[in-house]
């Protein structure tokens with residue numbers, strides 16, 4: 001800023017030339033700022049990984065990195081759905097509870113020799129779908145705030161999971177069911193494979209389909225979307241259904257990985273999912289956000305947890321660091337956007 | 341640059357404000373370069389220029405919202421340094437912003453005393469009675485008919501503006517900056533505003549008036565300063581300018597004809613509205629619009645004009661009446677129905693109804709028409725979409741870096757072109773325009789008038805709501821005037837008469853002929 005004005009004065013007799021050079025420099029500056037605001041989060045991840053690789057050699061091994069991916073897969077699946085919800089200027093607090101309800105319902109149909117594998121899957125995803133649809137209808141049709149509706153669902157779905165199991169975990173699951181969470185495909189854990197599929201599906205949906213474009217339109221300006229002939233209520237309902245089904249997927253993955261389904265599964269996961277989306281640049285105001293950003297956000301959380309574990313930092317301290325990172329990420333995002 | 345400043349007719353009074361060699365850049369981009377401004381006591385001083393000329397930035401520097409990089413500011417001959425809006429107010433400078441942000445849930449008098457509440461001497465709590473009494477006295481003096489205990493949110497835009505001005509007066513301001521004060525008010529309210537401005541002048545207050553409406557500037561202002569591309573052009577006495585010379589100074593080129601009237605033949609009736617009613621808003625609205633015709637809807641703010649076009653478009657429900665498109669009766673349940681029948685609505689408020697500001701130019705342009713760019717109704721054909729977006733950017737001369745720039749970072753005129761492009765992309769037959777040029781600069785206005793005329797020439801049906809009479813008179817083939825939700829006048833172009841339209845908009849107060857065609 002200073003330099004460009006100085007330059008203008010210095011070459012006073014050739015102001016036009018100076019102006020254009022200042023223009024060019026300012027252009028460069030702005031495109032650099034844009035580049036940073038777009039990819040800053042990626043640099044942060046690379047920096048974090050590099051630092052940990054240097055100070056803790058066992059961190060940067062294939063086995064550990066795959067482990068990190070497996071650790072974040074459940075939160076990651078929820079975070080993909082959460083991103084879509086937050087882009088519509090909404091929020092879904094109920095995903096952790098829906099996860100638990102889906103898990104216990106699916107698990108109860110997954111005892112050995114009982115039903116084919118497809119049955120517990122349909123039950124689990126179906127439970128998520130029904131809860132998501134209820135969220136969506138209440139939000140779209142009754143015009144209730146997403147925060148309130150999903151807060152209610154968060155409490156109620158947890159309650160349903162407790163009622164359904166009388167508060168006891170569901171044990172004794174079939175091998176086929178357990179394989180979902182513990183198996184491998186070409187050396188990669190199945191939860192990671194499922195997570196990657198959800199990511200690719202999410203990217204495809206948001207960036208290559210009309211539905212995805214409408215999601216951004218509804219979140220960016222619901223009224224303008226309506227005037228443009230978009231059935232905004234339908235879009236909202238579908239978005240919450242999608243999130244419900246993904247919570248169901250996450251429930252199946254988590255219960256099959258731990259080989260039991262407790263009604264207390266996934267407590268607090270909704271906040272981690274929101275944190276991943278927000279760190280990844282999704283705006284709570286709506287209209288802004290990407291799946292890749294969210295994945296990086298989830299990776300940052302995962303890498304940091306794992307790295308601090310390796311450095312023997314207590315999990316209490318880890319929470320403090322995580323909290324700081326969430327606020328810092330949004331602050332940096334806001335700063336870089338404000339400048340460009 | 342040493343353009344001579346013409347001496348004021350009023351005499352050798354010391355100017356209340358002198359700004360000299362003001363320069364300002366944002367992130368390395370120069371916005372103001374060596375700008376100066378001199379404003380005298382008791383004068384209404386117009387600050388004019390196209391959008392992006394630097395008017396608002398200069399005024400925000402004066403109001404302490406932005407900090408200048410270079411230059412000097414003198415108040416009554418004394419150099420001052422204005423570092424925050426709070427300091428500006430202490431120096432006697434108040435700004436009435438284009439978009440007002442009052443605390444809507446507080447009362448009028450609470451808003452007036454916001455941040456400087458009078459305290460009762462003994463109890464140290466806010467002295468509500470004093471607030472109310474002071475406000476009442478102030479309103480009486482300024483002839484403002486607003487209840488001080490009313491919630492701010494219940495006031496009309498014009499009333500809020502009056503309250504803001506009253507607040508400025510109560511802060512004993514010597515300079516009041518008004519940024520586009522008439523962009524959201526009409527008719528009587530403007531007259532009332534001008535009366536108030538005259539009152540301010542009489543008190544010795546200087547008013548700096550930013551407006552895109554040339555007629556207004558000549559009605560109310562004593563002197564005019566022109567900025568262009570962040571540079572000072574000149575200051576003159578208002579009567580030394582005329583309309584054309586002022587516009588050409590602002591744009592730096594001659595604008596021969598702002599209103600290129602099309603010579604389209606009036607074709608078949610395409611849109612027929614009969615007895616359209618929305619209880620309490622408008623009543624029994626009937627008209628026919630033809631191919632190749634620009635039909636104007638005039639009237640005061642709140643007369644129901646926007647509501648009529650929004651109802652035709654299916655954005656609002658109706659309580660009766662029929663809408664026929666090409667002779668076929670259609671029930672408009674939602675905008676999607678209207679779009680399907682070849683109707684477009686270019687809404688009055690870009691920011692709230694027209695655009696998704698966080699999305700890119702491309703995403704906005706193709707939103708209405710996305711289905712046409714999709715395989716199997718869902719998969720977007722990005723290549724085709726990108727090509728179309730680039731074509732549109734070229735066609736409408738949309739000043740954007742590229743198709744991915746977010747619309748929120750564009751100027752008002754450019755945004756409006758994005759709105760036009762968005763709606764014209766699917767080649768609608770009937771185009772409803774609601775205040776198509778509100779808050780945009782002269783150059784962009786001329787371009788948009790050109791587009792509207794061209795559309796009529798190519799056989800489109802155009803229904804245009806406008807509060808700007810010159811626009812109605814210049815562009816329309818026929819005008820319908822609404823008053824309190826009813827049609828109070830209908831005139832053909834050959835019978836256009838400014839006075840008659842204004843009277844009809846005020847309900848023909850002196851009992852002139854009122855007509856309600858069927």
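Protein chains in written order, with the numbering used here: chain X, 1 to 340; chain F, 341 to 858.
Glycine included, each C-beta is placed from N, C-alpha and C at the ideal position.
Using the rule of at least 16 other Cβ atoms within 10 Å of the residue's Cβ for burial, across every protein chain shown, is residue i buried or exposed?
i: residue 727 of chain F; result: exposed
i: residue 778 of chain F; result: buried
i: residue 327 of chain X; result: exposed
i: residue 39 of chain X; result: exposed
i: residue 154 of chain X; result: buried
i: residue 320 of chain X; result: exposed
i: residue 159 of chain X; result: exposed
i: residue 471 of chain F; result: buried
i: residue 615 of chain F; result: exposed
i: residue 812 of chain F; result: buried
i: residue 831 of chain F; result: buried
State the beta-bridge partners of residue i as determined by DSSP.
i: residue 364 of chain F; result: F/372
i: residue 836 of chain F; result: Note: residue 836 of chain F sits in no beta bridge, so no partner.
i: residue 774 of chain F; result: F/805
i: residue 385 of chain F; result: F/548 and F/563
i: residue 627 of chain F; result: F/613
i: residue 829 of chain F; result: F/821
i: residue 261 of chain X; result: X/170
Is there at least one Cβ from chain X nearer than 9 angstroms to residue i's Cβ?
i: residue 692 of chain F; result: yes
i: residue 724 of chain F; result: no
i: residue 717 of chain F; result: yes
i: residue 856 of chain F; result: Its pLDDT being 41, under 50, residue 856 of chain F is placed unreliably by the model, and nothing is read from it.
i: residue 772 of chain F; result: no
i: residue 595 of chain F; result: Since pLDDT at residue 595 of chain F reaches only 49, below the 50 mark, its modelled position is unreliable, and the value read off the structure follows with that caveat. Closer than 9 angstroms: no.
i: residue 764 of chain F; result: no
i: residue 679 of chain F; result: yes
Locate the alpha helix (DSSP H) running through residue i, then write down its first and last residues.
i: residue 216 of chain X; result: 210 to 220
i: residue 541 of chain F; result: 527 to 542
i: residue 911 of chain F; result: Any property of residue 911 of chain F remains undetermined from this structure, which presents chain F solely from 341 to 858.
i: residue 120 of chain X; result: 118 to 141
i: residue 295 of chain F; result: This structure cannot speak to residue 295 of chain F, because chain F is shown only from 341 to 858.
i: residue 304 of chain X; result: 291 to 310
i: residue 572 of chain F; result: No alpha helix (DSSP H) contains residue 572 of chain F, which is instead part of the beta strand (DSSP E) from 571 to 577.
i: residue 436 of chain F; result: Taken as a continuous stretch (DSSP letters only), residue 436 of chain F belongs to no alpha helix (DSSP H), being part of the beta strand (DSSP E) at 433 to 436.
Under DSSP, the beta strand (DSSP E) around residue i begins and ends at which residues?
i: residue 487 of chain F; result: No beta strand (DSSP E) contains residue 487 of chain F, which DSSP labels as neither H nor E.
i: residue 473 of chain F; result: No beta strand (DSSP E) contains residue 473 of chain F, which is instead part of the alpha helix (DSSP H) from 468 to 482.
i: residue 664 of chain F; result: 660 to 665
i: residue 639 of chain F; result: 634 to 639
i: residue 97 of chain X; result: No beta strand (DSSP E) contains residue 97 of chain X, which is instead part of the alpha helix (DSSP H) from 95 to 108.
i: residue 684 of chain F; result: 683 to 686
i: residue 412 of chain F; result: 410 to 415
i: residue 515 of chain F; result: 515 to 519
i: residue 418 of chain F; result: 418 to 420
Any beta carbon from chain F within less than 9 angstroms of residue i's own beta carbon?
i: residue 158 of chain X; result: no
i: residue 332 of chain X; result: no
i: residue 228 of chain X; result: yes
i: residue 257 of chain X; result: no
i: residue 307 of chain X; result: no
i: residue 35 of chain X; result: no
i: residue 320 of chain X; result: no
i: residue 172 of chain X; result: no
i: residue 8 of chain X; result: At residue 8 of chain X the pLDDT is 37, less than 50, meaning the model places this residue with poor confidence and gives no usable figure here.
i: residue 277 of chain X; result: no
i: residue 209 of chain X; result: yes
i: residue 213 of chain X; result: yes
Between residue i and residue j, which are expected to be in contact by the criterion C-beta below 8 angstroms, what is the C-beta distance as a whole number of angstroms?
i: residue 591 of chain F; j: residue 390 of chain F; result: 6 angstroms
i: residue 564 of chain F; j: residue 576 of chain F; result: 6 angstroms
i: residue 106 of chain X; j: residue 95 of chain X; result: At roughly 16 angstroms, the Cβ-Cβ gap does not stay under 8 angstroms, so residue 106 of chain X and residue 95 of chain X are not in contact.
i: residue 83 of chain X; j: residue 291 of chain X; result: 6 angstroms
Tell me, please, whether the CB atom of residue i is closer than 9 angstroms to any CB atom in chain B?
i: residue 742 of chain F; result: As a matter of chain content, chain B is missing from the structure shown, whose protein chains are X and F.
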